[in-house]
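Line by line, the protein sequences give chains A and B. Quick note on the numbering used here: the first sequence kicks off at 1 and runs consecutively. Quick note on the numbering used here: the second sequence kicks off at 1 and runs consecutively. For glycine and all other residues, C-beta sits at the position ideal for the given N, C-alpha and C. Below is one structure, written out as structure tokens; the observations come after it.
Protein chains: 2
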Amino acid sequence: MSSSRPSTPSSVIRSTADFARHVGLARTTVSRVLNGQPGLKPKTIERVQRALAETGFAPNAHAMHLKGKRTSMIGICMEDLATPPGVRKLAALQRVLRARGFASLIEVFPPGAGREVIRHFLSLRVEAVVFIGHFVQEEVEARIAELTAQGTLHLVIDQFGLRGANTVSLDRAAGMAAVMGHLLDLGHRSFALLGQSKAPVSRYDRLTGIRAALESRGLDFDACTRSLDHLHERRNDFQYGWDLAKRFLALPARPTAFVGYNDEIAIGALRCLQDAGLRVPRDVSLTGFNHQDICLMTEPTLTTVDQNIETTVTTAADWILAHLGQPLRPKPFVRTIEPRLVVGRSTGPAKV
Amino acid sequence: MSSSRPSTPSSVIRSTADFARHVGLARTTVSRVLNGQPGLKPKTIERVQRALAETGFAPNAHAMHLKGKRTSMIGICMEDLATPPGVRKLAALQRVLRARGFASLIEVFPPGAGREVIRHFLSLRVEAVVFIGHFVQEEVEARIAELTAQGTLHLVIDQFGLRGANTVSLDRAAGMAAVMGHLLDLGHRSFALLGQSKAPVSRYDRLTGIRAALESRGLDFDACTRSLDHLHERRNDFQYGWDLAKRFLALPARPTAFVGYNDEIAIGALRCLQDAGLRVPRDVSLTGFNHQDICLMTEPTLTTVDQNIETTVTTAADWILAHLGQPLRPKPFVRTIEPRLVVGRSTGPAKV
DNA sequence: GCTTGACGCGGACACGTGTCCGCGGTCGCG
DNA sequence: CGCGACCGCGGACACGTGTCCGCGTCAAGC
């Protein structure tokens, strides 16, 4: 083995210098080809392109970015990867960004570890950071302040009420108001709220919509609704819906409508109600939220709310892409997305 | 609020040089603190740490990597972000990697665009590339060859039969054999295969397991099974299961057991069967695959196969982390994960 | 007051790339 | 054959960081 080259007979190409040597051109010439600069013979360009395809060489992105080229990386903070609507937003956003040449750096954002994640994003000089989901308010606000201080663009999808945050979010109040309006039209006056008990932080929160719908018809929130969320640890899965429904069935006076926080909770409740011999919607009406595919597969199909995810993500992506290069604006961008009520066969006239 | 430090009115900190100036130390001293080198007064270290927290400065990762520090980035190629088991694997893998200090660069890998994605990963000098899902065989093999040529580690999760590929994958043949054995024990001899018709590329494929289970009892595959997959465009969703079941119900001789490719297809079929007035499992038995949460929420609960995702991901992550720094080995690593049959109430004795 | 050691300073180089610039080789055209 | 245009060459610098090294400073111990 010759010690002149460090044990690389087939010349592992690690830089444009290596690559240029391999092609038989000057490094600067190769660089000019790679960057599409004029003044090169087509034959030379073709020679480089072919060698590029043959060797699979890819110039070091870190060196390029160091030299001032944009990183074309977007950091995405996820609450988790277990919530289907969140994952659908992620998928759609990633697709749009990818089509525009941006890579997505995805991190789940466990409470408390946010600082580290954001620092990592900043260290990699991402061009923007997107938050998808629901986070601890103070923590996100602190992170957003850090990002802004460093001049990095941000956008929050799905969480309202954050100070100084650019936001695109579903108008959940409108969604719940539509659900409640639908149920009120059917004559319902007593409601089991399944998993809805979170203090509203903005006028776009679910509870706000529920209250508004009731009050617009002169009904009292406390008299009409009941929540048993405190009896179980807060979750969002099927079992939680089942557990809550079970509790409600043990009450002396059963509400005529069960209003689920999401489709999973509603389906869990449906299972419980039907196991108890109740007929939906004849005995009890039931609603979900999010309009997942599974809603069509229950018996009966579920009345729910569609998030218009495509609109949300398109709005978000458009805004980010439009503001990428520009200096940050002091006034936050806030946009609400209108939901759409999807009426299934799980809701019917209130049993008198 | 307290503008005690007059030296930072408009100083945007963009480098350790800026930062050192801000702290009032030499750049080299700051660098030594950041890299934990000895020979520094505790007071100095503390001074830097505090300024770091105050300013939110993060050193340029690209420059660090350029200087030889590891990138600590893992590229993950996803078939899509719509398949729940795939997303669950992604989530688990991301969690493990993150705990070990690695960032995940996630890209979905649309057929044909793989070359671009891998080149991007290589350009960013990721330390390994993981494929999750099912891809076009020739394409993945070509990408893996590229990665190997560049000395980059790779691992394929969930796709068998790729030449030269390090692989961790569920033994789907064993899973299907377990399902078929269960149904055969219940007396079933005629099977509707829903969405299973893909030519087996390895001995771990579903059809291989189905054949093996039948032949081990002296039964003929073609005589016992029937597939109508060719009548619809291949999909994996509820509706596809519904459509296929509908077709089977139109046949003169109805199979006694419906074997779904996954839980979605099984649930879609369940809906169709029940809508047609059939009782499951008294009239027809039905099975799924993947053991998603929803399987417990159907009526009846679904007999299905659990993927042991935690084991899969742990195995994958351990192997990757163990082989990160080391030179590539010529002999591919191949590991199968054993599935687990989960018997629900959707399967029962064959109706005679 | 002197010695000594601990500690911070600042210059230097390297990493791989983009870009500028002056030089020289080659080819086409008259 | 001669001239100019074209085009590739190779040196140089910069980007932000890690690291080495020699030097200056300061305080503690005698």
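So, does the segment 51-58 of chain B touch the segment 96-107 of chain B, judging by three or more C-beta pairs under 8 Å? These segments do not touch.
By how many angstroms is the C-alpha of Leu228 of chain B removed from the C-alpha of Leu183 of chain B? Near 20 Å, if we compare the C-alpha coordinates of Leu228 of chain B and Leu183 of chain B.
Which stretch, first to last residue, makes up the alpha helix (DSSP H) that contains Met64 of chain A? Annotation: the continuous alpha helix (DSSP H) that includes Met64 of chain A extends over 61-66.
Between the alpha carbons of Leu139 of chain A and Ile76 of chain A, how many angstroms are there, rounded? The sequence shown places Glu at residue 139 of chain A, rather than the Leu named in the question. For Glu139 of chain A and Ile76 of chain A, the distance between alpha carbons rounds to 16 Å.
Considering Cα atoms alone, identify which of B:Phe160, B:Ala173, B:Phe131, B:Leu124 is closest to Gln150 of chain B. For the set B:Phe160, B:Ala173, B:Phe131, B:Leu124, the Cα lying nearest the Cα of Gln150 of chain B is the one of B:Leu124.
Tell me which residues of the segment 149-160 of chain B have at least one Cβ-Cβ distance to chain A shorter than 8 Å, keeping chain order. Residues Ala149, Gln150, Gly151.
His154 of chain A versus Gly325 of chain A - alpha carbon distance: Their backbone Cα atoms lie some 12 Å apart in a straight line.
Quick check on Arg100 of chain B: does DSSP put it in helix, strand or coil? Coil at Arg100 of chain B, not helix or strand.
For Val353 of chain A versus Leu93 of chain A, is the C-beta distance shorter than 8 Å? Nothing about residue 353 of chain A can be reported from this structure: the residues present for chain A run from 1 to 352 only.
Counterpart residues of Met78 of chain A in DSSP-defined beta bridges: DSSP, once it has assigned bridges, lists A:Val108, A:Ile132 as partnering Met78 of chain A.
Could you check where the alpha helix (DSSP H) with His120 of chain A kicks off and where it finishes? First-last of the alpha helix (DSSP H) with His120 of chain A: 114-123.
Is the shortest distance between the beta-carbon of Ile320 of chain A and the beta-carbons of chain B less than 8 Å? It does not; no Cβ of chain B falls within 8 Å.
Which value, in whole angstroms, describes the spacing of the CA atoms of Ile309 of chain A and Arg119 of chain A? Computed Cα separation, rounded: 29 Å.
Of the residues A:Val259, A:Phe121, A:Val87, A:Phe160, the one placed nearest Gly181 of chain A, counting alpha carbons only: Looking at the Cα atoms, A:Val259 is the closest of the given residues.
Considering Cα atoms alone, identify which of B:Val352, B:Ile320, B:Pro252, B:Ala174 is closest to Ala212 of chain B. Looking at the Cα atoms, B:Ala174 is the closest of the given residues.
I'd like to know if the segment 39-54 of chain B and the segment 36-43 of chain A are in contact, where contact means that at least 3 CB-CB pairs between them fall below 8 Å. At 8 Å Cβ cutoff, the stretches do not touch.
What is the C-beta distance between Asp171 of chain A and Thr336 of chain A, in whole angstroms, given that I count them as a contact (C-beta under 8 Å)? Separation of the CB atoms of Asp171 of chain A and Thr336 of chain A is rounded to 4 Å, and the pair is thereby assigned contact status at 8 Å.
Suppose you measure from the CA of Leu186 of chain A to the CA of Lys351 of chain A; what does that come to, to the nearest Å? If you take the alpha carbons of Leu186 of chain A and Lys351 of chain A, they lie about 10 Å apart.
Contact set between Arg125 of chain B and chain A, taken where Cβ atoms lie within less than 8 Å: Scanning chain A for C-beta atoms nearer than 8 Å to the C-beta of Arg125 of chain B yields Asn60, Ala61, His62, reported in chain order.
Cβ atoms of Pro281 of chain A and Ser190 of chain A: under 8 Å apart, would you say? With contacts defined by Cβ atoms closer than 8 Å, Ser190 of chain A and Pro281 of chain A do not form a contacting pair.
Can you pull the chain B residues whose beta carbon is under 7 Å from the beta carbon of Ile106 of chain A, in chain order? Those are Ser104, Ile106, listed as they occur along chain B.
On a CA-only basis, which of A:Ala145, A:Gln196, A:Ser202, A:Thr28 is nearest Val334 of chain A? Give me that one, please. The residue with the shortest Cα to Cα distance from Val334 of chain A is A:Ser202.
Between which two residues does the alpha helix (DSSP H) containing Phe221 of chain B stretch? Per DSSP, Phe221 of chain B belongs to the alpha helix (DSSP H) from 221-224.
Would you verify that the beta carbon of Met176 of chain B is, or is not, closer than 8 Å to some beta carbon of chain A? The beta carbon of Met176 of chain B does not come within 8 Å of any beta carbon belonging to chain A, so the residue lies off that interface.
According to DSSP, which residues form a beta bridge with Ala257 of chain B? Assignment of beta-bridge partners to Ala257 of chain B by DSSP yields B:Phe191, B:Ser285.
Would you say Leu90 of chain A and Leu81 of chain B are within 8 Å of each other, going by their C-beta atoms? At the C-beta level, Leu90 of chain A and Leu81 of chain B come within 8 Å of one another.
Where the beta strand (DSSP E) containing Ile157 of chain A begins and where it ends: The continuous beta strand (DSSP E) containing Ile157 of chain A extends over residues 153-157.
Below 8 Å on the Cβ atoms is my guess for Leu302 of chain B versus Ala269 of chain B; work out the distance and round it to an integer in Å. In fact, because the Cβ distance is near 10 Å, the residues do not count as touching under 8 Å.
His65 of chain A to Thr71 of chain A span [Cα, whole Å]: In a straight line, the C-alpha of His65 of chain A is about 6 Å away from that of Thr71 of chain A.
Please report the distance separating the alpha-carbon of Glu215 of chain A from that of Ala276 of chain A. Approximately 33 Å, taken between the alpha carbons.
Since Ser169 of chain A sits in a beta bridge, which residues does DSSP pair it with? Residue pairing by DSSP puts Ser169 of chain A in a beta bridge opposite A:Thr336.
Return the residue from the list B:Arg143, B:Glu264, B:Ala61, B:Met73 that minimises the CA-CA distance to Thr298 of chain A. It is B:Glu264.
Just checking: is the beta-carbon of Phe238 of chain A within a distance shorter than 8 Å of some beta-carbon in chain B? Using a CB distance cut-off of 8 Å, Phe238 of chain A counts as an interface residue toward chain B.
Considering just the uninterrupted stretch of the alpha helix (DSSP H) at Ser16 of chain B, what are its terminal residues? The sequence shown places Thr at residue 16 of chain B, not Ser. For Thr16 of chain B, the enclosing alpha helix (DSSP H) begins and ends at 16-23.
From B:Arg340, B:Ile320, B:Asn262, pick the residue whose C-alpha is nearest to that of Arg100 of chain B; which is it? The shortest C-alpha to C-alpha distance from Arg100 of chain B to any of B:Arg340, B:Ile320, B:Asn262 is the one to B:Ile320.
Could you tell me whether the Cβ of Leu97 of chain B comes closer than 8 Å to any Cβ of chain A? So, not an interface residue.
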